[in-house]
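Data block below; observations after.
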Amino acid sequence: MPDLKPCPICGSARIARFRTAGKVRMPDLKPCPICGSARIAISRPQLDSCLVDCGDCGAESSDVGETAGAAAALWNRRAGAPAVDRDALVALLDEVVVIRTAVDAASEIRAEADERIAALAGRLDALLNP
Ligand SMILES: [Zn+2]
Numbered sequence: 012m013p014d015l016k017p018c019p020i021c022g023s024a025r026i027a028r029f030r031t032a033g034k035v036r037m038p039d040l041k042p043c044p045i046c047g048s049a050r051i052a053i054s055r056p057q058l059d060s061c062l063v064d065c066g067d068c069g070a071e072s073s074d075v076g077e078t079a080g081a082a083a084a085l086w087n088r089r090a091g092a093p094a095v096d097r098d099a100l101v102a103l104l105d106e107v108v109v110i111r112t113a114v115d116a117a118s119e120i121r122a123e124a125d126e127r128i129a130a131l132a133g134r135l136d137a138l139l140n141p
């Protein structure tokens, strides 16, 4: 097996590799639980964490692992769960957006009402205390 060069970022010689009978390999990754794609990759966004993501729909593992093997185990645990009902998920998220929009609109109405009440209170005070 060829020697691996130190990390180009930090210079560390602690470079992880995965072996099976002397071969370098990546951990086996289950298909994406969202879209079923097999285009799954492990990335290392930070020096001490790895995460797994889908090359088709962009789904990411919600948990990061310290190593690629740990990240793969977390991904595979999630990937083994029943597939997400995508239509139901979209319907739920749409409902959240509708409620959020209504809350924002109600907040604007409330703020406007508070300003009008404050103005009326000021006029009332002026009438009662000339
Ligand atoms: Zn996917």
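Per our numbering, numbering of the sequence shown is gapless, rising by one per residue and ending at 141. Backbone N, C-alpha and C fix where the C-beta goes; we use that ideal spot for every residue, glycine too.
Using only alpha-carbon positions, find the residue among N140, G133, A83 and E123 that is nearest to I53. When the alpha-carbon of I53 is set against those of N140, G133, A83 and E123, the nearest one is in A83.
Proximity to G47 [Cα-Cα], best of D67, P56 and C61: Ranking D67, P56 and C61 by Cα distance to G47 puts D67 first.
Do you know whose CA, among C65, E71 and L103, lies nearest A49's CA? Of the listed residues, the one whose Cα sits closest to A49 is C65.
First and last residue of the alpha helix (DSSP H) that includes I51? Run containing I51: none in the alpha helix (DSSP H); it sits in the beta strand (DSSP E), I51 to Q57.
Among P17, K41 and C21, nearest to N87 - alpha-carbon criterion: When each option's Cα is compared against that of N87, the closest is K41.
For Q57 and T78, what's the separation of their Cα atoms in angstroms? If you draw a straight line from the Cα of Q57 to the Cα of T78, it is about 11 angstroms long.
Could you name the residues of the same chain whose beta carbon sits closer than 6 angstroms to that of S60, not counting the 5 residues immediately before and after it, in chain order? Listed in chain order, the non-local C-beta contacts of S60 below 6 angstroms within the same chain comprise V75, local neighbours out to five positions each way being set aside.
Whole angstroms are fine: how far does the CA of G80 sit from the CA of P19? Taking the straight line joining both Cα atoms gives about 21 angstroms.
Does the beta carbon of D74 fall short of 8 angstroms from some heavy atom of ligand 1? No; taking the cut-off as 8 angstroms, the Cβ of D74 has no heavy atom of ligand 1 nearer than that.
May I ask you to report which of helix, strand or coil DSSP gives E71? In the three-state DSSP reduction, E71 falls in the strand class (E or B).
Is the beta carbon of V95 closer than 9 angstroms to that of P44? Judged by their CB atoms, P44 and V95 are nearer to each other than the 9 angstroms cut-off.
Is any non-hydrogen atom of ligand 1 found closer than 8 angstroms to the C-beta of D67, if you look at the structure I gave you? D67 Cβ: within cutoff of ligand 1.
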